[in-house]
Amino acid sequence: MKKSPEIACSKFRVVLFGGALGLTIHYTTLMNHGRFSTNLILRPQQPTMDEETLFPSDTDLDLSFNSCASNTSTDRTFTSSSARSSLTLSFKGSRLSSSAGTGRPHRKSDPHWTAIKAATNLSSDGSLHLRHLKLIRHIGSGNLGRVFLCRLKDYDGANFALKVVDKDVLTAKKLSQVQMEAQVLSMVDHPFLPTLYAHLEVSHYSCLLIDYCPGGDLHSLLRKQPENRFRVEAVRFFAAEVLVALEYLHAIGVVYRDLKPENVLIRDDGHIMLSDFDLCFKADVVPTLEKRFEPTVVQSTKNQPSCLGTVSRRYEMTETAEFVAEPTAAFSKSCVGTHEYLAPELVSGNGHGNGVDWWAFGVFLFELLYGHTPFRGGTKETTLRNIVSSKPLKFPEWDVAEEEGMAEVRDLIQRLLVKDPRRRLGCTKGATEIKQHPFFQGIKWPLIRTYRPPEEVRGLLVRKATTHVNRISSRRRRTRWTWKYLSHFIFTTSTKNGSKSKKWI
Numbered sequence: 003m004k005k006s007p008e009i010a011c012s013k014f015r016v017v018l019f020g021g022a023l024g025l026t027i028h029y030t031t032l033m034n035h036g037r038f039s040t041n042l043i044l045r046p047q048q049p050t051m052d053e054e055t056l057f058p059s060d061t062d063l064d065l066s067f068n069s070c071a072s073n074t075s076t077d078r079t080f081t082s083s084s085a086r087s088s089l090t091l092s093f094k095g096s097r098l099s100s101s102a103g104t105g106r107p108h109r110k111s112d113p114h115w116t117a118i119k120a121a122t123n124l125s126s127d128g129s130l131h132l133r134h135l136k137l138i139r140h141i142g143s144g145n146l147g148r149v150f151l152c153r154l155k156d157y158d159g160a161n162f163a164l165k166v167v168d169k170d171v172l173t174a175k176k177l178s179q180v181q182m183e184a185q186v187l188s189m190v191d192h193p194f195l196p197t198l199y200a201h202l203e204v205s206h207y208s209c210l211l212i213d214y215c216p217g218g219d220l221h222s223l224l225r226k227q228p229e230n231r232f233r234v235e236a237v238r239f240f241a242a243e244v245l246v247a248l249e250y251l252h253a254i255g256v257v258y259r260d261l262k263p264e265n266v267l268i269r270d271d272g273h274i275m276l277s278d279f280d281l282c283f284k285a286d287v288v289p290t291l292e293k294r295f296e297p298t299v300v301q302s303t304k305n306q307p308s309c310l311g312t313v314s315r316r317y318e319m320t321e322t323a324e325f326v327a328e329p330t331a332a333f334s335k336s337c338v339g340t341h342e343y344l345a346p347e348l349v350s351g352n353g354h355g356n357g358v359d360w361w362a363f364g365v366f367l368f369e370l371l372y373g374h375t376p377f378r379g380g381t382k383e384t385t386l387r388n389i390v391s392s393k394p395l396k397f398p399e400w401d402v403a404e405e406e407g408m409a410e411v412r413d414l415i416q417r418l419l420v421k422d423p424r425r426r427l428g429c430t431k432g433a434t435e436i437k438q439h440p441f442f443q444g445i446k447w448p449l450i451r452t453y454r455p456p457e458e459v460r461g462l463l464v465r466k467a468t469t470h471v472n473r474i475s476s477r478r479r480r481t482r483w484t485w486k487y488l489s490h491f492i493f494t495t496s497t498k499n500g501s502k503s504k505k506w507i
């Protein structure tokens, strides 16, 4: 009997970064030609909390967005509601589940989920509304909107970051980027990536409730260091955690395209968290188990007694299996990103794939080590010409060669900043082969979350904690920011020639 082209169902359990993270990969259907169905890759374990969906109820809550609201309908990706619509933190299934990730080892004792669950239990309709949040202060601005620090009322430790985007002032392209960021955040479940606690849609605003990182970003910390550079030990710490985060994104078919120190945030425990996923694009992933041979000592004998004490060893090649989940077929022609971090194939416009992230990873290492990017020029045009130039990479002459690990990190940077993506480290096997580089020798990847942050971060968090408490304890600071003024802060309305126009401030 001839077998069906769709062969029998196969199931694998693979620990991606080690048991400490508890991340498992389940492939349930092996399709034609040995390819796995994309939507079956990296399915998380089912959460243990009750899987009830929290639906928002209509209330008469008015948060004063109506002064800026548009009552006209829209055919954009996100449908606008009326100005006085109920603002609730919706956990509806297709976008977000309130129990998502609560069964994970790295979120088992997450006070934020505990506080949200408690607030919903006390709510009259079982839903968490925006009125449960207290707006504290503005903490930053991005390409698409502004970010505010807010807190769940009656829970002092439940701080969140609220990213607010006004869709009425965005182009269609940027609206698709807003949608992509929300989609990626709803997919990810990793300790070095943000948790999407809620996705709010109100009038022409889109709001994402995510983790708040009190340590700021890596770029600000870099500028506070002597000579604007990190020690090799600190570079290894940050690079290892960013590498693990990129590995996870690539494993679920997401190409990041926006790696830079400004997008690497520092959490309250000193570890990192990537941010800003609006430039991502998705691709298919074909997971494979590849063979690797390593020399291992099988016999060690000491020769005849002598003052040299020579020892002879016999080696044998041992075969090990490597799990590789890299979107090698990813392809895009969009020219997006920060110009100093753009890969040559992206600048040329001939199309690019997963290799742009590994090129950016090399630029990222260079900037942490030397305080500036390797191809920076006087203008953007000069920088782009330097990127596509055939000239070899040059390191600063003041290189501190005697610092331990400097030779290894320089070698890694050179292997990552190869102009041809086909020969660039990581483009074929992803983070799997980058982890094997001597620069990361000795790192126990399953235990990476247990490593102590470098002293540069520990000192920062102590100062931040002291300043943060004093600032929030001030009555003026507590009462200054309210939901009433949020829309006025985002943009002002000015009158010109009898017509109204919106202007960012």
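Numbering (our numbering), first residue to last: 3 to 507.
Yeah, the Cβ is synthetic: ideal placement off N, Cα and C, and Gly gets one too.
Fair warning: this is a prediction, and the values are worked out from it, not measured in the lab.
Query	Result
Ala331, buried or exposed, once every other Cβ within 10 Å from all chains shown has been counted against 16	exposed
Residue burial classification, Thr122 (beta-carbon count within 10 angstroms, cutoff 16)	buried
Beta-carbon separation (whole angstroms), Arg460 vs Gly217, contact threshold 8 Å	That belief does not hold up - the Cβ atoms of Arg460 and Gly217 are roughly 10 Å apart, past 8 Å.
Proximity below 7 Å, CB of Val358 to CB of Val390	no
Spatial distance of Phe397 from His374 (CA atoms)	11 Å
Three-state secondary structure assigned by DSSP to Thr200	Looking at the sequence itself, residue 200 is Ala, so the reference to Thr does not match. If DSSP states are grouped into helix, strand and coil, Ala200 belongs with the strands.
Among Glu347, Asp413, Leu395, nearest to Arg424 - alpha-carbon criterion	Glu347
Coarse secondary structure for Tyr1, derived from DSSP in three states	Residue numbering for the chain in the displayed model covers 3 to 507; residue 1 lies beyond these limits and cannot be assessed.
Per-residue burial, Lys293 [other beta carbons within 10 Å of its own, 16 or more giving buried]	exposed
Buried versus exposed call for Gln179 [16 or more other C-beta atoms within 10 Å across all chains shown]	buried
Status (buried if at least 16 other CB within 10 Å, exposed otherwise) for Asn145	exposed
Cβ contact check for the segment 360-373 and the segment 271-289: 3 or more pairs under 8 Å	no
The segment 249-265 touching the segment 169-179, judged by at least three CB pairs closer than 8 Å	no
Ile450 versus Glu342 - alpha carbon distance	29 Å
Counterpart residues of Ser188 in DSSP-defined beta bridges	Paired residue(s): none; Ser188 is not in a bridge.
Phe162 vs Tyr214 beta-carbon contact at 7 Å	yes
Whole-angstrom C-beta distance between Pro263 and Leu224, which should lie under 8 Å	6 Å
Distance between Asp219 and Tyr199 (C-alpha atoms, nearest Å)	21 Å
Nearest residue (CA-CA) to Asp196, options His114, Ile415, Gln227, Ile445	Note that residue 196 corresponds to Pro in the displayed sequence, not to Asp. Taking only the C-alpha atoms, the option nearest Pro196 is His114.
Residues bridged to Met408 (per DSSP)	Met408 is not bridged to any residue.
Burial state of Thr230 (16 or more Cβ within 10 Å)	Note that residue 230 is Asn in the sequence shown here, rather than Thr. Counting Cβ neighbours within 10 Å, Asn230 comes out exposed, since fewer than 16 surround it.
Beta-carbon proximity of Val171 to Gly147, cut-off 7 Å	no
Residue of Gln181, Asp127, Gly128, Leu187 minimising C-alpha distance to Tyr207	Gln181
Exposed unless 16 or more other CB atoms sit within 10 angstroms - verdict on Asn265	buried
Test item: CB-CB of Ile415 and Gly428 under 7 Å	no
Glu399 classed as buried or exposed, judged by whether at least 16 other C-beta atoms fall within 10 angstroms	exposed
Beta-carbon contacts of Glu458 that lie in its chain and below 7 Å, excluding the five residues immediately before and after	Leu223, Gln227, Phe232, Ala236
C-alpha gap between Arg259 and Glu328, whole angstroms	15 Å
Ser205 classed as buried or exposed, judged by whether at least 16 other C-beta atoms fall within 10 angstroms	buried
Contacting residues, own chain, Cβ-Cβ under 7 Å from Met189 (five flanking each side not counted)	Ile254
Distance between Ser126 and Glu249 (C-alpha atoms, nearest Å)	43 Å
Lys136 beta carbon less than 7 Å from that of Lys165	no
Local Cβ density within 10 Å of Asp191, reported as buried at 16 or more and exposed below that	buried
Other residues of its chain near Ala117: CB distance less than 7 Å, five sequence neighbours each side excluded	Leu154, Tyr157, Ala160
Per-residue burial, Met275 [other beta carbons within 10 Å of its own, 16 or more giving buried]	buried
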